[in-house]
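J.: Take this structure first; my questions come after.
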Amino acid sequence: MRLDAHHHVWDLGVRPQPWIGPDEAPVIGQTFTRSDWAAAAAGTGVEAAVVVQTVPVAAETPELLDLAAADPHVLGVVGWIPGEGHPEDEIAALLAHPGARWLVGLRDLTQFRDDRAWLGSDAARARSAAAGAAGLAVDLLVEPDQIASATELVHRTPEVRYVLDHLGKPSLDAMPARDWGRLVAGLAEAPNVACKVSGTATLTAGPDVPALPAYLAEAASRFGADRLMFGSDWPVMLLGGASYADQVRRVEDAARAVGLSDAEADALWGGTAARWYRLPAGGAA
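For what it's worth, numbering that gives the first Met the number 0 labels the leading residue of the sequence shown as 0, then goes sequentially.
Structure follows, in C-alpha coordinates:
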(Lines of atoms letter the chains of each structure in order from A and count residues from 1; the text may use other names and numbers.)
(Lines give C-alpha, C1' and ligand atoms only; values in the text may rest on other atoms or scores of the structure.)
Protein backbone atom coordinates (compact mmCIF):
# COMPACT_ATOMS: atom_id res chain seq x y z
CA MET A 1 0.00 0.00 0.00
CA ARG A 2 1.27 3.45 -0.91
CA LEU A 3 0.89 6.28 1.56
CA ASP A 4 0.63 10.02 0.95
CA ALA A 5 2.47 11.54 3.91
CA HIS A 6 1.27 15.09 3.28
CA HIS A 7 -2.07 16.36 2.10
CA HIS A 8 -4.61 18.91 3.29
CA VAL A 9 -8.36 19.34 3.52
CA TRP A 10 -10.34 22.45 4.28
CA ASP A 11 -13.93 23.64 4.32
CA LEU A 12 -14.33 27.31 3.48
CA GLY A 13 -17.79 27.14 4.99
CA VAL A 14 -16.19 26.46 8.37
CA ARG A 15 -13.27 28.91 8.22
CA PRO A 16 -11.25 30.86 5.66
CA GLN A 17 -7.75 29.99 4.54
CA PRO A 18 -6.12 33.44 4.71
CA TRP A 19 -2.92 32.25 3.06
CA ILE A 20 -4.80 31.68 -0.21
CA GLY A 21 -4.29 34.92 -2.14
CA PRO A 22 -6.08 36.29 -5.19
CA ASP A 23 -3.65 34.58 -7.55
CA GLU A 24 -4.26 31.17 -5.95
CA ALA A 25 -8.00 31.49 -5.36
CA PRO A 26 -9.13 30.51 -8.89
CA VAL A 27 -7.40 27.13 -8.44
CA ILE A 28 -7.65 26.27 -4.74
CA GLY A 29 -10.06 28.84 -3.33
CA GLN A 30 -12.74 26.24 -2.67
CA THR A 31 -13.57 23.47 -0.22
CA PHE A 32 -11.52 20.27 -0.54
CA THR A 33 -12.65 17.09 1.19
CA ARG A 34 -11.28 13.62 1.77
CA SER A 35 -13.63 12.36 -0.94
CA ASP A 36 -12.03 14.83 -3.35
CA TRP A 37 -8.60 13.47 -2.41
CA ALA A 38 -9.73 9.89 -2.95
CA ALA A 39 -11.04 10.77 -6.40
CA ALA A 40 -7.80 12.54 -7.29
CA ALA A 41 -5.64 9.65 -6.06
CA ALA A 42 -7.71 6.91 -7.70
CA GLY A 43 -5.66 4.63 -9.90
CA THR A 44 -2.28 5.74 -8.53
CA GLY A 45 -1.90 3.04 -5.90
CA VAL A 46 -1.93 5.64 -3.13
CA GLU A 47 -4.63 4.50 -0.75
CA ALA A 48 -3.87 6.05 2.65
CA ALA A 49 -2.69 9.38 3.96
CA VAL A 50 -1.43 11.61 6.70
CA VAL A 51 -3.51 14.79 6.82
CA VAL A 52 -1.66 17.98 7.74
CA GLN A 53 -3.02 21.18 9.31
CA THR A 54 -3.18 24.42 7.32
CA VAL A 55 -4.04 27.33 9.62
CA PRO A 56 -2.98 28.57 13.10
CA VAL A 57 -6.40 27.87 14.60
CA ALA A 58 -6.63 25.57 17.61
CA ALA A 59 -10.03 24.17 16.59
CA GLU A 60 -8.67 22.71 13.35
CA THR A 61 -6.70 19.85 14.90
CA PRO A 62 -9.63 18.30 16.83
CA GLU A 63 -11.66 18.51 13.62
CA LEU A 64 -8.96 16.60 11.75
CA LEU A 65 -8.85 13.99 14.52
CA ASP A 66 -12.61 13.54 14.14
CA LEU A 67 -12.10 13.13 10.40
CA ALA A 68 -9.41 10.49 10.95
CA ALA A 69 -11.60 8.57 13.37
CA ALA A 70 -14.30 8.34 10.70
CA ASP A 71 -12.03 7.51 7.74
CA PRO A 72 -9.97 4.29 7.82
CA HIS A 73 -7.72 5.62 5.07
CA VAL A 74 -6.45 8.51 7.23
CA LEU A 75 -3.65 6.95 9.24
CA GLY A 76 -2.45 10.07 11.00
CA VAL A 77 -2.87 13.79 11.61
CA VAL A 78 -0.16 16.43 11.90
CA GLY A 79 -1.78 19.16 13.97
CA TRP A 80 -1.01 22.56 15.46
CA ILE A 81 -0.85 24.17 18.89
CA PRO A 82 -0.29 27.84 19.83
CA GLY A 83 2.69 26.71 21.91
CA GLU A 84 3.64 30.13 23.19
CA GLY A 85 2.83 29.51 26.85
CA HIS A 86 2.65 25.94 28.08
CA PRO A 87 2.91 23.56 25.12
CA GLU A 88 2.74 20.55 27.42
CA ASP A 89 -0.76 21.52 28.52
CA GLU A 90 -1.90 22.18 24.94
CA ILE A 91 -0.60 18.80 23.83
CA ALA A 92 -2.23 17.11 26.82
CA ALA A 93 -5.57 18.60 25.80
CA LEU A 94 -5.21 17.13 22.31
CA LEU A 95 -4.21 13.77 23.74
CA ALA A 96 -7.43 13.78 25.76
CA HIS A 97 -9.45 13.99 22.53
CA PRO A 98 -11.31 10.78 21.59
CA GLY A 99 -9.37 10.66 18.33
CA ALA A 100 -5.98 11.22 19.94
CA ARG A 101 -4.58 7.94 18.62
CA TRP A 102 -4.42 9.56 15.18
CA LEU A 103 -2.35 12.53 16.36
CA VAL A 104 1.12 11.69 15.06
CA GLY A 105 2.82 15.07 14.80
CA LEU A 106 2.71 18.83 15.20
CA ARG A 107 3.67 21.61 12.82
CA ASP A 108 4.43 25.28 13.29
CA LEU A 109 3.83 27.55 10.29
CA THR A 110 7.41 28.78 10.52
CA GLN A 111 7.53 29.73 6.86
CA PHE A 112 5.28 32.71 7.62
CA ARG A 113 7.12 34.00 10.71
CA ASP A 114 8.76 37.42 10.56
CA ASP A 115 11.54 36.18 12.85
CA ARG A 116 13.40 34.04 10.36
CA ALA A 117 15.59 32.54 13.10
CA TRP A 118 12.69 31.63 15.40
CA LEU A 119 13.50 27.93 15.30
CA GLY A 120 16.68 28.70 17.18
CA SER A 121 14.74 30.21 20.08
CA ASP A 122 14.04 28.70 23.48
CA ALA A 123 10.31 28.83 22.67
CA ALA A 124 10.79 26.63 19.61
CA ARG A 125 12.94 24.24 21.58
CA ALA A 126 10.34 23.99 24.35
CA ARG A 127 7.58 23.28 21.87
CA SER A 128 9.59 20.60 20.10
CA ALA A 129 10.70 19.01 23.36
CA ALA A 130 7.09 18.84 24.56
CA ALA A 131 6.03 17.19 21.31
CA GLY A 132 8.85 14.68 21.52
CA ALA A 133 8.05 13.86 25.13
CA ALA A 134 4.49 13.06 24.03
CA GLY A 135 5.76 10.72 21.31
CA LEU A 136 4.92 13.09 18.46
CA ALA A 137 6.99 14.02 15.44
CA VAL A 138 7.58 17.66 14.48
CA ASP A 139 7.17 18.83 10.90
CA LEU A 140 9.44 21.66 9.78
CA LEU A 141 7.74 24.03 7.33
CA VAL A 142 10.67 26.25 6.40
CA GLU A 143 12.20 28.15 3.52
CA PRO A 144 15.90 28.11 2.61
CA ASP A 145 16.78 31.12 4.78
CA GLN A 146 15.40 29.25 7.82
CA ILE A 147 17.38 26.06 7.33
CA ALA A 148 20.23 27.23 9.58
CA SER A 149 17.97 27.77 12.59
CA ALA A 150 16.15 24.50 11.85
CA THR A 151 19.52 22.75 11.90
CA GLU A 152 20.30 24.33 15.26
CA LEU A 153 16.99 23.12 16.66
CA VAL A 154 17.27 19.50 15.56
CA HIS A 155 20.75 19.23 17.02
CA ARG A 156 19.60 20.78 20.31
CA THR A 157 16.75 18.26 20.58
CA PRO A 158 18.13 14.93 19.34
CA GLU A 159 15.36 13.03 21.11
CA VAL A 160 12.69 14.52 18.81
CA ARG A 161 11.77 13.07 15.40
CA TYR A 162 11.63 15.81 12.75
CA VAL A 163 10.30 15.85 9.19
CA LEU A 164 11.51 18.45 6.69
CA ASP A 165 8.47 19.43 4.62
CA HIS A 166 8.77 20.04 0.87
CA LEU A 167 12.57 19.60 0.80
CA GLY A 168 12.82 22.91 2.67
CA LYS A 169 11.12 24.72 -0.25
CA PRO A 170 14.07 25.44 -2.57
CA SER A 171 13.49 26.84 -6.03
CA LEU A 172 14.08 23.78 -8.17
CA ASP A 173 14.74 26.07 -11.13
CA ALA A 174 17.27 28.36 -9.47
CA MET A 175 19.07 26.10 -6.97
CA PRO A 176 21.04 23.15 -8.34
CA ALA A 177 20.47 19.93 -6.43
CA ARG A 178 24.05 19.81 -5.16
CA ASP A 179 23.74 23.32 -3.72
CA TRP A 180 20.54 22.23 -1.99
CA GLY A 181 22.36 19.20 -0.64
CA ARG A 182 25.00 21.42 0.91
CA LEU A 183 22.28 23.67 2.36
CA VAL A 184 20.53 20.79 4.15
CA ALA A 185 23.68 18.86 5.04
CA GLY A 186 23.41 19.76 8.72
CA LEU A 187 19.84 18.50 8.84
CA ALA A 188 20.69 15.33 6.96
CA GLU A 189 23.58 14.58 9.32
CA ALA A 190 21.12 14.44 12.21
CA PRO A 191 19.65 10.91 12.40
CA ASN A 192 16.43 12.31 13.89
CA VAL A 193 15.43 14.11 10.66
CA ALA A 194 13.47 12.66 7.73
CA CYS A 195 12.70 14.48 4.49
CA LYS A 196 9.44 14.73 2.57
CA VAL A 197 9.71 14.61 -1.19
CA SER A 198 6.62 16.76 -1.38
CA GLY A 199 5.36 20.02 -2.78
CA THR A 200 7.63 19.79 -5.80
CA ALA A 201 4.90 20.83 -8.26
CA THR A 202 4.93 24.34 -6.80
CA LEU A 203 8.71 24.63 -6.43
CA THR A 204 9.23 25.11 -10.16
CA ALA A 205 7.80 27.54 -12.70
CA GLY A 206 7.08 25.07 -15.48
CA PRO A 207 4.48 22.35 -15.88
CA ASP A 208 7.10 19.64 -15.39
CA VAL A 209 9.75 19.10 -12.72
CA PRO A 210 12.92 18.23 -14.68
CA ALA A 211 15.13 18.72 -11.62
CA LEU A 212 13.28 16.11 -9.56
CA PRO A 213 15.56 13.13 -10.36
CA ALA A 214 18.64 15.13 -9.39
CA TYR A 215 16.98 16.30 -6.17
CA LEU A 216 15.82 12.79 -5.30
CA ALA A 217 19.32 11.45 -5.89
CA GLU A 218 20.82 14.18 -3.70
CA ALA A 219 18.22 13.59 -1.00
CA ALA A 220 18.91 9.85 -1.01
CA SER A 221 22.64 10.53 -0.82
CA ARG A 222 22.33 13.01 2.05
CA PHE A 223 19.52 11.54 4.15
CA GLY A 224 19.56 7.94 2.98
CA ALA A 225 16.61 6.53 1.07
CA ASP A 226 15.21 5.10 4.30
CA ARG A 227 14.57 8.65 5.58
CA LEU A 228 12.63 9.87 2.55
CA MET A 229 8.83 9.90 2.24
CA PHE A 230 6.43 10.82 -0.53
CA GLY A 231 3.89 13.57 0.01
CA SER A 232 1.61 15.09 -2.60
CA ASP A 233 0.86 18.43 -0.91
CA TRP A 234 -2.59 18.09 -2.49
CA PRO A 235 -4.52 20.30 -3.17
CA VAL A 236 -1.83 23.02 -2.98
CA MET A 237 0.06 21.09 -5.66
CA LEU A 238 -2.72 21.96 -8.12
CA LEU A 239 -1.18 25.44 -8.31
CA GLY A 240 1.66 23.86 -10.28
CA GLY A 241 -0.71 22.73 -13.00
CA ALA A 242 -0.26 19.04 -12.23
CA SER A 243 -2.83 16.39 -11.47
CA TYR A 244 -2.37 13.96 -8.61
CA ALA A 245 -1.54 11.23 -11.12
CA ASP A 246 1.05 13.53 -12.71
CA GLN A 247 2.72 14.04 -9.35
CA VAL A 248 2.85 10.33 -8.60
CA ARG A 249 4.19 9.55 -12.06
CA ARG A 250 6.95 12.14 -11.70
CA VAL A 251 8.13 10.61 -8.44
CA GLU A 252 7.91 7.10 -9.91
CA ASP A 253 10.00 8.19 -12.89
CA ALA A 254 12.54 9.92 -10.65
CA ALA A 255 12.84 6.85 -8.41
CA ARG A 256 13.55 4.68 -11.46
CA ALA A 257 16.05 7.19 -12.83
CA VAL A 258 17.88 7.29 -9.51
CA GLY A 259 17.87 3.50 -9.30
CA LEU A 260 16.15 3.06 -5.96
CA SER A 261 15.95 -0.56 -4.91
CA ASP A 262 12.59 -2.16 -4.18
CA ALA A 263 13.20 -1.74 -0.45
CA GLU A 264 14.17 1.91 -0.89
CA ALA A 265 11.11 2.57 -3.03
CA ASP A 266 8.92 0.90 -0.41
CA ALA A 267 10.37 3.26 2.19
CA LEU A 268 9.68 6.28 -0.02
CA TRP A 269 6.10 5.22 -0.73
CA GLY A 270 5.09 4.58 2.85
CA GLY A 271 7.59 2.75 5.00
CA THR A 272 9.43 5.82 6.20
CA ALA A 273 6.23 7.68 7.03
CA ALA A 274 4.81 4.69 8.90
CA ARG A 275 7.98 4.41 10.97
CA TRP A 276 8.63 8.11 11.52
CA TYR A 277 5.07 9.01 12.46
CA ARG A 278 4.53 5.72 14.33
CA LEU A 279 1.30 5.27 12.46
CA PRO A 280 -1.31 3.12 14.20
CA ALA A 281 -1.95 -0.32 12.82
CA GLY A 282 -5.28 -1.28 11.37
CA GLY A 283 -5.73 1.39 8.71
CA ALA A 284 -6.38 0.91 5.03
CA ALA A 285 -5.42 -2.50 3.74
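The beta-carbon is built from N, C-alpha and C at its ideal position, and this holds for glycine as well. Remember, it's a predicted structure, so these values are computed and weren't measured experimentally.
Rounded to the nearest angstrom, what separates Pro-206 and Pro-25 at their Cα positions?
T.: If you take the alpha carbons of Pro-206 and Pro-25, they lie about 17 Å apart.
J.: Which residue's Cα is closest to the Cα of Pro-190: Trp-36, Ala-224, Val-208, Met-174?
T.: For the residues Trp-36, Ala-224, Val-208, Met-174, the minimum Cα distance to Pro-190 belongs to Ala-224.
J.: Using the three-state DSSP reduction, which class does Arg-277 fall into: helix, strand or coil?
T.: Residue state, collapsed to three classes: coil.
J.: For the alpha helix (DSSP H) holding Val-153, just list the boundary residues, first then last.
T.: Start and end: 146-155.
J.: Could you have a look at Met-0 and say whether DSSP puts it in helix, strand or coil?
T.: Residue state, collapsed to three classes: coil.
J.: So, are the CB atoms of Ala-122 and Gly-82 less than 9 Å apart?
T.: For Ala-122 and Gly-82, yes; Cβs fall inside 9 Å.
J.: Using 8 Å for Cβ pairs, my map puts His-165 next to Leu-202. What's the rounded Cβ distance?
T.: Indeed they touch by this definition, with Cβ atoms about 7 Å apart.
J.: State yes or no: is the C-beta of Val-162 within less than 9 Å of the C-beta of Gly-104?
T.: Taking 9 Å as the Cβ cut-off, Val-162 and Gly-104 qualify as a contacting pair.
J.: What three-state label does DSSP hand His-96 in the structure shown?
T.: The answer is coil: DSSP assigns His-96 none of H, G, I, E or B.
J.: Straight-line CA distance for Val-235 to Asp-3?
T.: In a straight line, the C-alpha of Val-235 is about 14 Å away from that of Asp-3.
J.: If you count every other CB in all the chains shown that lies within 10 Å of the CB of Trp-18, and 16 or more means buried, which is it?
T.: Looking at its Cβ environment, which holds fewer than 16 other Cβ atoms inside 10 Å, Trp-18 is exposed.
J.: By alpha-carbon positions, which one of Arg-160, Ala-210, Ala-272 ends up nearest to Trp-289?
T.: Any property of residue 289 remains undetermined from this structure, which presents the chain solely from 0 to 284.
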